[in-house]
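Below is one structure; the comments refer to it alone.
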Amino acid sequence: MSDQAIPDDQWDGPTLKRSLSAKVPLLIVNRSHQNAHRLPEVFDHMAAEHGKALGVGAQIRLPGMSEKGAQSFMSEVEHVPVRIADPELWRVPNSGWPSAKALNTTESKWPYLTPIPAKVSGVWAKSVLDVQRDNGASVLLSATGWLSEANGTKSLASAMDWVTESRRLAGSDPMWVNLTMDSKWLSDTSLRNALIDEIVESSERAWYLRFWWPEVKPRYGQLVDDSLLRGYRELATATAVEGKRIYLANSGLTGWVATALGASGFSTGQAWGEQAFAATRPMGSQKGAKRPPKIPRIFDSTVLHTMDFNEHSRLRGMPKHREYSTPYSAEIDLHGHTPERASLHYLLAVGELTASLNGTRPNFLAHRRARRGQKFIDGLSPVDQLNGISKPLHLQPWMKLLR
7 MSDQAIPDDQ
17 WDGPTLKRSL
27 SAKVPLLIVN
37 RSHQNAHRLP
47 EVFDHMAAEH
57 GKALGVGAQI
67 RLPGMSEKGA
77 QSFMSEVEHV
87 PVRIADPELW
97 RVPNSGWPSA
107 KALNTTESKW
117 PYLTPIPAKV
127 SGVWAKSVLD
137 VQRDNGASVL
147 LSATGWLSEA
157 NGTKSLASAM
167 DWVTESRRLA
177 GSDPMWVNLT
187 MDSKWLSDTS
197 LRNALIDEIV
207 ESSERAWYLR
217 FWWPEVKPRY
227 GQLVDDSLLR
237 GYRELATATA
247 VEGKRIYLAN
257 SGLTGWVATA
267 LGASGFSTGQ
277 AWGEQAFAAT
287 RPMGSQKGAK
297 RPPKIPRIFD
307 STVLHTMDFN
317 EHSRLRGMPK
327 HREYSTPYSA
337 EIDLHGHTPE
347 RASLHYLLAV
357 GELTASLNGT
367 RPNFLAHRRA
377 RRGQKFIDGL
387 SPVDQLNGIS
397 KPLHLQPWMK
407 LLR
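Convert by adding 6 to the 1-based position in the sequence shown; the result is the number in the numbering used here.
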């Protein structure tokens, strides 16, 4: 588990050591279930464009893949220094995660994916770490799952017992404390303080935190809940001061803002499920009714929002609209919009945003980007204003948070 095996001529980005040092922001890209066959080239584009200014990571969801599929993809990205094979222990039935359900056929084929034993078991923890190693991980995640908020102090203490055992087994290999929890751990002062205290006082320096959000509207939008955003700010700033590294899983551009405030990085992906770990409304329909047509979407780098592609096309010709061009946006111009091209464009655009945080005042740099987007929107005439899914709701809350 070392970046020594990566030939210098195969990778223009930072080494594993530098990527994990918090000296550069780390962007982790989750492999999506669909449209992922071109993902390896995205990592190469990021490294070529941003060089040592951006740490890049590749992540797979083990339960969502066959072992053959996992190993095949990881072999394609073996030159990417940071590689994570997420065991997703919170998926186990009765884990406490509100949306946990019976494992499907693919998930049930992973032998490690069983309820966490009541008492710390070295055998079980080893199976969780070994499956990550066997499937190409260069950074391990501790054998920990869902962290209940019902009895927060007790749940956290129990999780840390598993972390201690995981560290014993991992030795000096890179390992992140892996916790998945409800967003109340951000919004509730007592829970948040307990989490921050544990992070600060622990000997573990790197933490991989995933928060279960309430439903986000519109889909492909951003988190705007003030209490949750303030919770992210408190978490990021308090832990950064103490030299701790926190990485925010499945957090989209909310993770980008938190990175500007002191977090060390975040993960996102092509599909909504990789961009946000959030509750979703069941998509029910009457029998015989036709599904509404899918809306083509694309990420707009001026207003920092994924919007209706037709609206984006309209904005492109307007004064002061700044477009971030990528090989995939060029493909769209030549051959037309597809979800794959648009999602790959999004990843490169987020890479550019993340690399832009390099500087002495990343919060100021992020604030400037948000302010620029809001200024563009404010300058639109009444007839040109954005509405519906194309209207960004997050820029003003971000500016307030980043001051």
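Each residue gets a CB set at the ideal place from its N, CA and C atoms; glycine is no exception.
Exposed or buried, residue i, counting other C-beta atoms within 10 Å across all chains shown (16 or more means buried)?
i      : result
THR312 : buried
ASN100 : exposed
GLN16  : exposed
TRP404 : buried
PRO117 : exposed
VAL129 : exposed
VAL247 : exposed
GLY177 : exposed
ALA5   : Not covered by the structure: residue 5. The range shown for the chain is 7 to 409.
ASP306 : buried
ARG198 : buried
MET324 : exposed
PRO93  : buried
GLU204 : buried
ASP384 : exposed
SER189 : buried
GLY57  : exposed
GLY151 : buried
Expressed to the nearest angstrom, what Euclidean distance is found between the alpha-carbon atoms of residue i and residue j?
i      : j      : result
ASP18  : GLU55  : 9 Å
THR112 : ASN36  : 18 Å
VAL300 : ALA255 : With the sequence shown as reference, residue 300 is identified as Lys, and Val is not the correct amino acid for it. If you take the alpha carbons of LYS300 and ALA255, they lie about 27 Å apart.
ARG24  : PRO398 : 35 Å
ARG367 : PRO224 : 31 Å
THR21  : THR245 : 24 Å
TRP103 : ASN157 : 14 Å
LEU401 : PHE382 : 11 Å
MET166 : SER154 : 13 Å
PRO345 : LYS160 : 44 Å
PHE315 : LYS326 : 19 Å
LEU95  : LEU386 : 47 Å
HIS3   : ILE90  : Given a span of 7 to 409 for the chain in the structure shown, any question on residue 3 remains unanswerable.
LEU267 : ALA28  : 13 Å
GLU84  : SER331 : 27 Å
LEU32  : THR195 : 28 Å
ARG211 : PRO298 : 47 Å
LEU119 : GLU47  : 31 Å
GLU239 : GLU171 : The amino acid occupying residue 239 in the given sequence is Arg; Glu does not appear at that position. Cα to Cα, ARG239 sits roughly 30 Å from GLU171.
LEU60  : GLU337 : 25 Å
ARG139 : VAL30  : 25 Å
GLU329 : ILE34  : 23 Å
ASN110 : LEU235 : 34 Å
ALA108 : GLN276 : 26 Å
ALA163 : ALA106 : 23 Å
ALA76  : VAL86  : 15 Å
ASP50  : VAL356 : 15 Å
ARG320 : SER233 : 35 Å
HIS74  : LYS406 : Sequence check: residue 74 is Lys here, not His. In a straight line, the C-alpha of LYS74 is about 47 Å away from that of LYS406.
GLU82  : LEU26  : 21 Å
SER127 : ALA200 : 25 Å
THR186 : ALA149 : 11 Å
SER114 : THR243 : 39 Å
Residue i: beta carbon under 7 Å from a heavy atom of the ligand MN?
i      : result
LEU399 : Because no ligand of any kind appears in the structure shown, any question about the ligand MN cannot be addressed here.
Tell me, to the nearest whole angstrom, how far the beta carbon of residue i is from that of residue j; I am working on the premise that it is less than 8 Å.
i      : j      : result
GLY379 : THR308 : 6 Å
GLU221 : ALA285 : 5 Å
SER144 : VAL88  : 6 Å
MET80  : ASN41  : Actually they are not in contact, since the Cβ atoms of MET80 and ASN41 sit about 18 Å apart, beyond 8 Å.
LEU408 : ALA376 : 7 Å
LEU192 : GLY237 : 3 Å
MET52  : VAL62  : 5 Å
VAL183 : VAL169 : 5 Å
ARG347 : TYR334 : 5 Å
ILE202 : LEU229 : No, ILE202 and LEU229 are not in contact; Cβ-Cβ is about 19 Å, not under 8 Å.
SER396 : GLU317 : 4 Å
LEU147 : TYR214 : 6 Å
ARG173 : MET181 : 6 Å
ARG303 : TYR226 : 6 Å
- Message: Any contact between the segment 371–388 and the segment 63–82? By contact I mean 3 or more CB pairs, one from each, below 8 Å.
- Response: Not touching, per the Cβ criterion.
- With contact counted as at least three CB pairs below 8 Å, one residue from each stretch, are the segment 264–277 and the segment 246–253 in contact? The segment 264–277 vs the segment 246–253: in contact.
- What are the complete alpha helix (DSSP H) segments, minimum 4 residues, inside the segment 8–75? Listed in chain order, they are 22–25 and 45–56.
- Query: Which runs of the beta strand (DSSP E), 3 residues or longer, sit entirely within the segment 188–218?
  - Reply: If we require 3 residues or more, the beta strand (DSSP E) runs fully inside the segment 188–218 come out as 212–218.
- Query: Is there contact between the segment 202–221 and the segment 125–136, where contact requires at least three CB pairs shorter than 8 Å?
  - Reply: No: fewer than three Cβ pairs fall under 8 Å.
- Item | alpha helix (DSSP H) runs contained entirely in the segment 317–394, provided each spans 4 or more residues | Counting whole runs of 4 or more residues, the segment 317–394 contains the alpha helix (DSSP H) stretches 333–341, 345–361 and 368–384.
- Query: Below 8 Å, can you find three or more Cβ-Cβ pairs linking the segment 339–346 to the segment 387–404?
  - Reply: Output reads no: the segment 387–404 does not touch the segment 339–346.
- Message: If we require 4 or more residues per run, which alpha helix (DSSP H) segments fall completely within the segment 102–151?
- Response: Within the segment 102–151, the complete alpha helix (DSSP H) runs of at least 4 residues are 111–114 and 128–140.
- Query: Between the segment 348–365 and the segment 276–285, do three or more beta carbon pairs fall short of 8 Å?
  - Reply: In short, these stretches touch, since the Cβ pair count reaches three.
- Continuous beta strand (DSSP E) assignments of at least 3 residues falling wholly in the segment 231–304: Secondary structure remark: continuous beta strand (DSSP E) runs of at least 3 residues inside the segment 231–304, in chain order: 251–254 and 271–275.
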